[in-house]
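The numbering used here applies: residue 4 is where the sequence shown begins, and numbers increase by one. Quick reminder that beta carbons are idealized off the backbone N, C-alpha and C, glycines included. Predicted model, so just to flag it, every value in this text is computed and none were measured.
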Amino acid sequence: MTNPVDLVEIWRGDMVECVHRGHVVVCDDAGQIVSALGDPDKVIYPRSSCKMVQALPLLESGAGAHLSVEQLALACASHNGAAIHTDRVGAWLRDLGMTDDNFRCGPQLPDDIPTRNALIRANEKPCQFHNNCSGKHAGFLTLNKHLGAGPDYQEPDHPVQQACKAAFEEVTQETSPMFGIDGCSAPNHACTVHGLARAMAFFASAQDRSDRRSAAAVKLTHAMGAHPALVAGETRACTDLMRAMNGKVAVKTGAEGVFIAIIPEKRLGVAIKIVDGATRASECAIATILVKLGVLDPAHPAAIARMQPPIVNRRGIVTGSIRPAAALR
């Protein structure tokens, strides 16, 4: 087994103060590794980085045939809970003839500061549609209504989650060895870093095929690139990086240091796992890899803000920086 490698360094003054280690795989449309760092066979939970995979049954089944491009973007989203997200999720629920009580994701205080402050000032509690996964769960509810299954769609043995598991195992080309329960209460199935990159390469090359699953993958990838603000939100890495690449590349973060990229013009999929789970490191790593692959301009502000952002103290003094380590450079 290969050990994780140094991917991102935290500098203070002239000294490396901290190092984030991890694993990286870039995969081609044949499922083969183009380049790798660390251990491609490391088993991980993809967390929210695989939401587009979980949305495949929504389209493959025909349940989501009527959905808009915006709704498909929300089905892949880990959003901030801003009005642009919650208004659309609320409308989606109404279209289904359902309410917030039909969700099983749980309430979450929004990451969007104006929305959070407005709730606090009004002495109101957050609802489930504020949950960053509410778009994914609206997709689950849509599929569940189509299937006519029971209300607890988040349970691992429910037909909705069984369909998601089948799609996940087929596009990763692996039998998942286990699952964990995600923050939104849905199961999150484990795979290798290679398997996750292989799944993203499936999405990246989907336009070359005409089967139902590939058509679904094309629609979901396009939706993410067309509506980056719905996938995450203002100031978020997913939104900023997709905007910087003019929607030609889809990227998605996941909890605990996971990040993926889908690059259709090169038929490449990328998967990153930072061992200690640091988001600052996964963002630096994905931006650096996108630059190396020639799809992100290193001079773009979104790239600079992730690849080598300054560390500023409380007096506004620059004390250091976050930088890609030699293996990434």
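**Message:** Less than 6 Å between C-beta atoms, sequence neighbours within five positions excluded: which residues of the same chain meet that for residue 38?
**Reply:** Start at 1 with the first residue of the sequence shown, and residue 38 comes out as number 35. Once the five neighbours on either side are set aside, the close Cβ partners of residue 38 are 29.
**Prompt:** Which partner residues does residue 183 have in the DSSP bridge list?
**Reply:** Counting from 1 along the sequence shown, the entry for residue 183 is found at position 180. In DSSP, residue 183 forms a bridge with 191.
**Prompt:** Tell me which same chain residues have a C-beta within less than 6 Å of the C-beta of residue 48, skipping the five on either side of it?
**Reply:** Position 45 of the sequence shown, counted from the first residue, corresponds to residue 48. For residue 48, where only same-chain residues beyond five positions count, the Cβ hits under 6 Å are 183, 191 and 193.
**Message:** DSSP has residue 276 in a bridge; who is on the other side?
**Reply:** For the purposes of this step, residue 276 is taken as residue 273 along the sequence shown, with counting starting at 1. Looking at the DSSP assignment, residue 276 forms a beta bridge with 26 and 261.
**Message:** Quick check on DSSP: helix, strand or coil for residue 137?
**Reply:** Position 134 of the sequence shown, counted from the start, is the residue given in the question as residue 137. Note: residue 137 maps to helix in three-state DSSP.
**Request:** Excluding the 5 residues preceding and the 5 following residue 97 in the sequence, name in chain order all residues of the same chain whose CB lies nearer than 8 Å to its CB.
**Result:** Along the sequence shown, one-based indexing puts residue 97 at 94. Closer than 8 Å at the Cβ level, and outside the excluded window around residue 97, lies no residue.
**Asked** Which residue or residues does DSSP assign as beta-bridge partners of residue 167?
**Response** Within the sequence shown, the letter at position 164 stands for residue 167. None, per the DSSP bridge assignment.
**Asked** Comparing alpha-carbon positions, which option in 248, 157 and 250 lies nearest residue 137?
**Response** In the sequence shown, counting from the first residue as 1, residue 137 sits at position 134. Among 248, 157 and 250, the Cα nearest to that of residue 137 is on 157.
**Asked** Where does residue 122 fall in DSSP's three states?
**Response** Locating residue 122 in the sequence shown gives position 119, counting from the first residue. Of the three classes helix, strand and coil, the one that applies to residue 122 here is helix, per DSSP.
**Where residue 323 falls: helix, strand or coil (DSSP)** = For the purposes of this step, residue 323 is identified with residue 320 of the sequence shown, where counting begins at 1. In this structure, residue 323 counts as strand in the three-state DSSP scheme.
**Prompt:** How long is the line joining the alpha carbons of residue 179 and residue 124, rounded to whole angstroms?
**Reply:** As a first step, residue 179 must be located in the sequence shown, where it is residue number 176. As a first step, residue 124 must be located in the sequence shown, where it is residue number 121. Answer to the nearest angstrom: the Cα atoms are 45 Å apart.
**Asked** Going by DSSP, what residues sit across from residue 266 in a beta bridge?
**Response** Along the sequence shown, one-based indexing puts residue 266 at 263. Residue 266 pairs with 271.
**Request:** Closer than 7 Å by C-beta to residue 101: which residues in its own chain qualify, once you throw out the five before and the five after it? Chain order, please.
**Result:** Stepping through the sequence shown from its first residue, residue 101 is reached at position 98. Here the set comprises 144.
**Asked** Pairing CB atoms from the segment 165 to 172 with CB atoms from the segment 84 to 93, are three or more of them under 8 Å?
**Response** Contact fails between the segment 165 to 172 and the segment 84 to 93, because fewer than three Cβ pairs, one in each stretch, are under 8 Å apart.
**Item:** Where residue 52 falls: helix, strand or coil (DSSP)
**Value:** Walking along the sequence shown from the start, residue 52 turns up at place 49. In this structure, residue 52 counts as helix in the three-state DSSP scheme.
**Own chain residues within Cβ distance below 6 Å of residue 26, not counting five before or after** = Residue numbering aside, residue 26 sits at position 23 when the sequence shown is read from its first letter. Only 7, 41, 42, 45, 196 and 276 meet the Cβ criterion.
**Request:** Determine the closest residue to residue 5 out of 24, 249, 115 and 250, with distance taken between C-alpha atoms.
**Result:** Numbered from 1 along the sequence shown, position 2 holds the residue referred to as residue 5. Of the listed residues, the one whose Cα sits closest to residue 5 is 24.
**Message:** Once the 5 residues before and after residue 14 are set aside, which same chain residues still bring their CB inside 7 Å of it?
**Reply:** Residue mapping note: residue 14 aligns to position 11 of the sequence shown, counting from 1. These residues qualify, in order along the chain: 20, 323, 324 and 326.
**Request:** Classify residue 316 as buried or exposed, calling it buried when 16 or more other Cβ atoms lie within 10 Å of its own Cβ.
**Result:** As a first step, residue 316 must be located in the sequence shown, where it is residue number 313. That one is exposed.
**Request:** Give every residue of the same chain whose Cβ lies closer than 6 Å to the Cβ of residue 226, excluding the five residues on either side of it in the sequence, and list them in chain order.
**Result:** Reading the sequence shown from its first residue, position 223 is the one you call residue 226. Closer than 6 Å at the Cβ level, and outside the excluded window around residue 226, lie 72, 75 and 76.
**Asked** With a Cβ-Cβ cutoff of 7 Å, do residue 223 and residue 79 count as a contact?
**Response** Indexing the sequence shown from 1 puts residue 223 at position 220. Indexing the sequence shown from 1 puts residue 79 at position 76. Contact flag set, yes.
**Message:** Let me check understanding here. Comparing Cα to Cα, which of 18, 303, 61 and 289 lies closest to residue 166?
**Reply:** One-based indexing of the sequence shown puts residue 166 at position 163. If we check each option's Cα against that of residue 166, 61 comes out closest.
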